[in-house]
Amino acid sequence: MSQRKAFITGITGQDGSYLAELLLSKDYEVHGLVRRVALEDPGHRLGRIAHVRDRLILHAGSLESFPSLYQIVRQVQPHECYHLASQSFVSYSFDDEFSTLNTNINGTHYLLAAVKEAAPACRFYFAGSSEMFGKAEEVPQTELTRFHPRSAYGISKVAGFDLTRNYREAYGLYASSGILFNHESARRGYEFVTRKITSGVAAIVAGKAKQVRLGNLEARRDWGHAPDYVEAMWMMLQQGVPDDYVVATGETHSVREFCQVAFSLAGLDYRDHVVTDALLHRPAEVDLLIGNPAKARATLGWSTHTNFQMLVRLMVEADCRVAGVSLAGKAIGV
Ligand code: G4F
Numbered sequence: 048m049s050q051r052k053a054f055i056t057g058i059t060g061q062d063g064s065y066l067a068e069l070l071l072s073k074d075y076e077v078h079g080l081v082r083r084v085a086l087e088d089p090g091h092r093l094g095r096i097a098h099v100r101d102r103l104i105l106h107a108g109s110l111e112s113f114p115s116l117y118q119i120v121r122q123v124q125p126h127e128c129y130h131l132a133s134q135s136f137v138s139y140s141f142d143d144e145f146s147t148l149n150t151n152i153n154g155t156h157y158l159l160a161a162v163k164e165a166a167p168a169c170r171f172y173f174a175g176s177s178e179m180f181g182k183a184e185e186v187p188q189t190e191l192t193r194f195h196p197r198s199a200y201g202i203s204k205v206a207g208f209d210l211t212r213n214y215r216e217a218y219g220l221y222a223s224s225g226i227l228f229n230h231e232s233a234r235r236g237y238e239f240v241t242r243k244i245t246s247g248v249a250a251i252v253a254g255k256a257k258q259v260r261l262g263n264l265e266a267r268r269d270w271g272h273a274p275d276y277v278e279a280m281w282m283m284l285q286q287g288v289p290d291d292y293v294v295a296t297g298e299t300h301s302v303r304e305f306c307q308v309a310f311s312l313a314g315l316d317y318r319d320h321v322v323t324d325a326l327l328h329r330p331a332e333v334d335l336l337i338g339n340p341a342k343a344r345a346t347l348g349w350s351t352h353t354n355f356q357m358l359v360r361l362m363v364e365a366d367c368r369v370a371g372v373s374l375a376g377k378a379i380g381v
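Position one of the sequence shown corresponds to residue 48 (the working numbering), numbered consecutively onward.
Below you can see the structure in the form of C-alpha cells.
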C-alpha cells in the first residue's frame, strides 16, 4: 500500500505536535497548515515541532481563506485530515466573541467544504470539546448529554460539531468528532490554568517569583495527558464507520486540588503562594466537567496511561527543568 498522507491544522500547537509525532511513528507523510508568519519566524512559532520539522511538509495558509484550504487539500490529497486549529482559549473568547466565532466556525466550515470538493474520500476529524457541555445537564457527560455551552468558544465548538455531523449525514463524508475533555502536558500553553500553576511553582522554586495569581479555584475539570488523547483521534479515523466519542479520564479535580498537588511536590503550601483575583473569573463559568469514556474504551480500545498525580508531577518537573532547578530548588543544567 502507498504511504498514507495526513493533513493537520493546528500542527504547531500542543495536540498538533503530539499527533504529528504519532503519525510519523506510523510512517505517515505528515502535512501541516501553518500561518505564513510562522514560516518567517520558525524559532518562535514552530518550537513544539522543531525536533521533527525536517520530516514534515508545512503549507502556508489560513483558516480564514477557503481558497487557501481548498488548494492545499487538492494538492496534498490527504487520506486523513485532523482539524485541530482554533482560537482555543476560552477566557479570550469573552474578550473577542466575534473573532472566536468567525475563525472557529468558518474555519471548520471551509475545511469541511474543501475536503468534500477536493478530496471526498479523505477521513475528517473535528476537535470537539467538553466546553460544549458547559452548564452540564448530567454527570458524568456522555455522547448523549445535551450541550449547553457557556462561552463563544463553546458555542463555536457546538457549531463545528454540528457541521461535521451534517457533512457526514448530508454528503457521506467520513467525518468524526472527538469530544475531548481537558488534556495537558509539558507543551501546554502558559495561559491555561495547569501550565500557569506548574510554571508558577517552578518560578517560585527558582526564586524568580513569589505568587501565582488565579481566578476560580473551585472549578472542576477532567484533566488527562495530551499524548493519550491524540491516540484517540487517530483511532477514531481507523473505524469502519465515522462516529463521535467522548475522550476523558472519568475523574474530576478542582483547580484548588491541582494547586495543592503541584505545590506540595516542591514541598510548598499553595496557600502561601496562590492569590485569587476576581478579574480572572469568567463572566459565565463551567463549574464541573467529568466525562464518561466508556464508548471510546469499548469501541476504539482506547485508554489513558497517565493519571492525575502523574500528570501534575510530569508538568511540574518539566517546568522546573525549563527554569533550571530541581524540585528541591537546586540548580541543574538545562
Ligand atoms: O485551563 P483553562 O483555561 O481551560 P478550559 O477553559 O477548561 O478550556 C480548555 O479545555 C477545553 C476542553 O474542556 C478546551 F476545549 C479548551 O480549548 C481549553 O483547552 O481553565 C480551566 C479552569 C476554568 O474553570 C477557569 O475558570 O480553570 C479556571 N481558572 C482559574 N484561574 C483559570 C485561572 N483558568 C485560566 N486559564 N487562568 C487562570 O488564572
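Using N, Cα and C, we set each Cβ at its ideal position, and we do this for glycine too.
Per DSSP, reduced to three states, the secondary structure at residue 102 is helical. In the structure shown, residue 257 adopts coil according to DSSP, grouped into three states. Going by DSSP, residue 155 is part of no beta strand (DSSP E) but of the alpha helix (DSSP H) stretching over 154–165. Excluding its 5 nearest sequence neighbours in each direction, residue 363 has C-beta neighbours in its own chain below 6 Å: 245, 248, 309 and 312, listed in chain order.
Look at residue 301 here: in three-state DSSP terms it is strand. Between residue 227 and residue 176 a beta carbon distance of about 6 Å is seen, short of the 8 Å cut, so the two are scored as contacting. Assignment of beta strand (DSSP E) within the region 69–131, counting only whole runs of 3 or more residues, yields 76–81, 103–107 and 127–130 in chain order. Taking the CA atoms as reference points, residue 144 sits about 13 Å from residue 331. The beta carbons of residue 169 and residue 125 sit about 5 Å from each other, so the pair counts as a contact at 8 Å. Residue 294 is a Cβ neighbour of residue 276, given a cutoff of 7 Å.
In the structure shown, residue 310 adopts helical secondary structure according to DSSP, grouped into three states.
According to DSSP, residue 267 shares a beta bridge with 301 and 335. In this chain, the alpha helix (DSSP H) harbouring residue 368 covers 355–370. In this structure, residue 123 lies near residue 54, with their beta-carbon atoms less than 7 Å apart.
In the DSSP assignment, the residues bridged to residue 188 are 338. The set of residues with a C-beta under 5 Å from any non-hydrogen atom of the ligand G4F comprises 135, 137, 176, 177, 178, 229, 239, 240, 261, 262, 263, 266, 302 and 327, given in chain order. Per DSSP, the unbroken beta strand (DSSP E) holding residue 226 starts and ends at 222–227. Taking a C-beta distance under 7 Å as the contact criterion, residue 136 and residue 231 do not qualify as a contact pair. Sorting 66, 60 and 56 by C-alpha distance to the C-alpha of residue 282 places 66 at the top. If you check the CB distance, residue 154 and residue 86 do not come in under 7 Å. Beta-bridge partners assigned by DSSP to residue 175: 226. Distance from residue 225 to residue 157 at the Cβ level is roughly 20 Å; contact not present, criterion being Cβ atoms closer than 8 Å. When the beta-carbon positions are compared, residue 117 and residue 161 come within less than 7 Å of each other. Looking only at 188, 159, 105 and 335, the smallest Cα-Cα distance to residue 266 is reached by 335.
When DSSP states are grouped into helix, strand and coil, residue 242 belongs to the helix group. Collapsing the DSSP output to three states places residue 215 in a helix. Our two residues, residue 101 and residue 202, have alpha carbons roughly 37 Å apart in a direct line. For the 7 Å CB-CB criterion, residue 211 and residue 261 do not form a contact.
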